[in-house]
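From first to last, the protein sequence lines are chains A and B. For the first sequence, numbering that gives the first Met the number 0 begins at 0 and goes up steadily by one. For the second sequence, numbering that gives the first Met the number 0 begins at 0 and goes up steadily by one. Glycine included, every Cβ here is placed at the ideal spot set by N, Cα and C. Every value quoted in this text rests on a predicted model; they were computed, and no experiment measured them. Below is one structure; the comments refer to it alone.
2 protein chains.
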Amino acid sequence: MRALLFDVFGTCVDWRTSMMREAERFGLPPQLAVAWRDEYQPQLETVRSGQRPWVNLDVLHEIGLNRVLRAMDLTLPKADRVELVRGWHRLDPWPDVVAGLTRLKETFIIAPCSNGHIAQSVNLAKFAKLPWDAILGAEIAHAYKPDPRVYRESVYALGLEPDEVCMVAAHRDDLRAAAAVGLQTAFVERFGEDPGPPFDADFVAHDFEELLR
Amino acid sequence: MRALLFDVFGTCVDWRTSMMREAERFGLPPQLAVAWRDEYQPQLETVRSGQRPWVNLDVLHEIGLNRVLRAMDLTLPKADRVELVRGWHRLDPWPDVVAGLTRLKETFIIAPCSNGHIAQSVNLAKFAKLPWDAILGAEIAHAYKPDPRVYRESVYALGLEPDEVCMVAAHRDDLRAAAAVGLQTAFVERFGEDPGPPFDADFVAHDFEELLR
Numbered sequence: 000m001r002a003l004l005f006d007v008f009g010t011c012v013d014w015r016t017s018m019m020r021e022a023e024r025f026g027l028p029p030q031l032a033v034a035w036r037d038e039y040q041p042q043l044e045t046v047r048s049g050q051r052p053w054v055n056l057d058v059l060h061e062i063g064l065n066r067v068l069r070a071m072d073l074t075l076p077k078a079d080r081v082e083l084v085r086g087w088h089r090l091d092p093w094p095d096v097v098a099g100l101t102r103l104k105e106t107f108i109i110a111p112c113s114n115g116h117i118a119q120s121v122n123l124a125k126f127a128k129l130p131w132d133a134i135l136g137a138e139i140a141h142a143y144k145p146d147p148r149v150y151r152e153s154v155y156a157l158g159l160e161p162d163e164v165c166m167v168a169a170h171r172d173d174l175r176a177a178a179a180v181g182l183q184t185a186f187v188e189r190f191g192e193d194p195g196p197p198f199d200a201d202f203v204a205h206d207f208e209e210l211l212r
Numbered sequence: 000m001r002a003l004l005f006d007v008f009g010t011c012v013d014w015r016t017s018m019m020r021e022a023e024r025f026g027l028p029p030q031l032a033v034a035w036r037d038e039y040q041p042q043l044e045t046v047r048s049g050q051r052p053w054v055n056l057d058v059l060h061e062i063g064l065n066r067v068l069r070a071m072d073l074t075l076p077k078a079d080r081v082e083l084v085r086g087w088h089r090l091d092p093w094p095d096v097v098a099g100l101t102r103l104k105e106t107f108i109i110a111p112c113s114n115g116h117i118a119q120s121v122n123l124a125k126f127a128k129l130p131w132d133a134i135l136g137a138e139i140a141h142a143y144k145p146d147p148r149v150y151r152e153s154v155y156a157l158g159l160e161p162d163e164v165c166m167v168a169a170h171r172d173d174l175r176a177a178a179a180v181g182l183q184t185a186f187v188e189r190f191g192e193d194p195g196p197p198f199d200a201d202f203v204a205h206d207f208e209e210l211l212r
């Protein structure tokens, strides 16, 4: 195994607590964060289905936010909406992540394989001190997970074969899609993630420290 | 200024000394390194001119190596040629680079904007301990510098405007092309680099420590 690819939202960072804080910063109810995240898969699906050309996650997050604000009968000025969308660029890492990634980086190439775009991934890495070797994922493939192109393009960009790479995620549907194109898989349990059906990952861990072992 | 983009070959790493060492490792005369580098621009030009579709630098390096070996009346088994091409993934940094980049990273997003592809850039960063925030450059644009698309796509990937980004290079033609699309520019003098005509960069430094100041 030469490289580890990581899901980010939920797996590396606690989007729920962070975005509840962001909502409150703009005088909005914290439960907006969860309602907003519920718009995530439907908005990605507009791209996966071909209904919309590939646009980055800031665009899809803003569309989702507008829908949630309307549904909750709330309003927010455009400048604040833009700034709130940028909240997804400043999410707190789970407590084990920075130390775990730093250690894993000594042995493996580590990179996000996220549905976040390059700018979001870089800004988040600066904020949360995630020591990535490269930024891979949706933007280089112009597709959204679990579209197999996202995993394939990420592996190809590293000049590796799929079985030399392990996908790490807190969502089994992400791992199932990665396994289908030949990657190894590691499931990490995270609070409130993974509503999906069971999947036998090659590795299972409670956090990145255990993953290391 | 929010981000610094770096040329790599010659600016961050001493390809000359490193590739002379690689040539000797395969029983070849060290001057092969310089003759091989002389094939660099002509091979890039086959892509820039549209004569060849975009292929990565390993492919162009192997074509150049085969030409140089023939011209010097030398032979090398295929497996050794592949391994020698991989020599461009393990080049020594100039002495000021790792400390300089580490300090610059505290304030700016730092990324290569090189003609090297993602796999080469990642492997080189692992070897030379270059602490990049992201890997940008030729592969994300499917073009080769000084094609303006390489600078534009790298700036766009960061979600920034061109004047928020500074291109750092030891070659004035690289800086001239970056300036033409609106980037700020910093010239760093390196031994044996920059045979090009003069260009007034926004910043001039002898090394990355001076650049920091």
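Can you find a C-beta in chain A that's less than 8 Å from the C-beta of Lys125 (chain B)?
Yes, Lys125 (chain B) lies at the interface with chain A (some Cβ there is under 8 Å from its Cβ).
Got a sec: which bits of the region 149 to 164 of chain B sit with their beta carbon under 9 Å from any beta carbon on chain A, in order along the chain?
Cβ proximity to chain A below 9 Å picks out Tyr155, Ala156, Leu157, Gly158, Leu159 from the region 149 to 164 of chain B.
Starting from the beta carbon of Val121 (chain A), find every residue of chain B whose beta carbon is closer than 9 Å, and list them in chain order.
Within chain B, the residues near Val121 (chain A) are Ala2, Ile108, Ala110, Asp132, Ala133, Ala156, Leu157, Gly158.
Ile139 (chain B) versus chain A: which residues are under 7 Å apart at the beta carbon?
For a Cβ distance threshold of 7 Å, residue set Ile139 of chain A lies close to Ile139 (chain B), ordered along the chain.
Kindly say whether Ala118 (chain B), judged by its beta-carbon, lies nearer than 8 Å to any beta-carbon of chain A.
Closer than 8 Å to some Cβ of chain A, the Cβ of Ala118 (chain B) qualifies, so yes.
Does chain D have any CB closer than 8 Å to the CB of Phe8 (chain B)?
Reference to chain D is not applicable here, since the protein chains of this structure are A and B.
By the three-class DSSP mapping on this structure, what secondary structure does Leu90 (chain A) have?
DSSP, read as helix, strand or coil, puts Leu90 (chain A) in coil.
To the nearest angstrom, report how far apart Val203 (chain B) and His116 (chain A) are at their CA atoms.
Looking at the two C-alpha atoms, the distance is approximately 33 Å.
With a threshold of 7 Å on Cβ separation, who are the neighbours of Pro29 (chain A) within its own chain once the five nearest residues in sequence on each side are excluded?
For Pro29 (chain A), where only same-chain residues beyond five positions count, the Cβ hits under 7 Å are Met19, Ala22, Glu23.
Among A:Glu61, A:Tyr150, A:Glu192, A:Phe126, the one whose alpha carbon lies nearest that of Gly136 (chain A)
With distances taken between CA atoms, Gly136 (chain A) lies nearest to A:Tyr150 out of A:Glu61, A:Tyr150, A:Glu192, A:Phe126.
So who's on the other strand from Thr184 (chain A), going by DSSP bridges?
The partner list for Thr184 (chain A) (beta bridge, DSSP) reads A:Met166.
Going by DSSP in three states, Leu73 (chain A) sits in which element: helix, strand or coil?
DSSP places Leu73 (chain A) outside both helix and strand once states are collapsed to three, so it counts as coil.
Would you grab the beta carbon distance between Phe207 (chain B) and Gly49 (chain B) for me? Rounded to a whole angstrom, and I think it's under 8 Å.
Not confirmed; about 36 Å, so no contact.
With 16 other Cβ atoms within 10 Å as the buried cut-off, status of Val81 (chain A):
With fewer than 16 other Cβ atoms within 10 Å, it is exposed.
On the premise that Leu43 (chain A) lies in contact with Leu64 (chain A), defined as a C-beta separation below 8 Å, what is that separation, rounded to the nearest angstrom?
The pair is not a contact, with the Cβ atoms about 15 Å apart (cut-off 8 Å).
Supposed contact pair Leu4 (chain A) and Val164 (chain A) - C-beta distance, whole angstroms, cut 8 Å:
Correct: roughly 6 Å between the Cβ atoms.
Quick one: what's got a C-beta closer than 7 Å to Leu174 (chain A)'s C-beta in the same chain, skipping five residues either side?
Within the same chain, Leu174 (chain A) has close Cβ partners Met166, Ala168, Thr184, Phe186, Phe198, Ala200.
What are the start and end residues of the alpha helix (DSSP H) that includes Phe207 (chain A)?
First-last of the alpha helix (DSSP H) with Phe207 (chain A): 207 to 211.
Can you tell me whether DSSP reads Ile109 (chain A) as helix, strand or coil?
Note: Ile109 (chain A) maps to strand in three-state DSSP.
Val84 (chain A) (DSSP reduced to helix, strand or coil):
DSSP places Val84 (chain A) in helix when its eight states are reduced to three.
Beta-carbon proximity list for Phe107 (chain A), same chain, < 6 Å, skipping 5 on both sides
Within the same chain, and ignoring the five residues on either side of Phe107 (chain A) in sequence, the residues whose Cβ sits closer than 6 Å to its Cβ are Ala2, Leu3.
Val203 (chain A) - containing beta strand (DSSP E), residue span
202 to 204 is the extent of the beta strand (DSSP E) around Val203 (chain A).
Assigned secondary structure, Leu129 (chain B) (DSSP; H/G/I helix, E/B strand, else coil)
Looking at Leu129 (chain B) - three-state DSSP - the assignment turns out to be coil, as it is neither helix nor strand.
Please report how far the alpha carbon of Glu38 (chain B) lies from the alpha carbon of Tyr155 (chain A), in whole angstroms.
If you take the alpha carbons of Glu38 (chain B) and Tyr155 (chain A), they lie about 26 Å apart.
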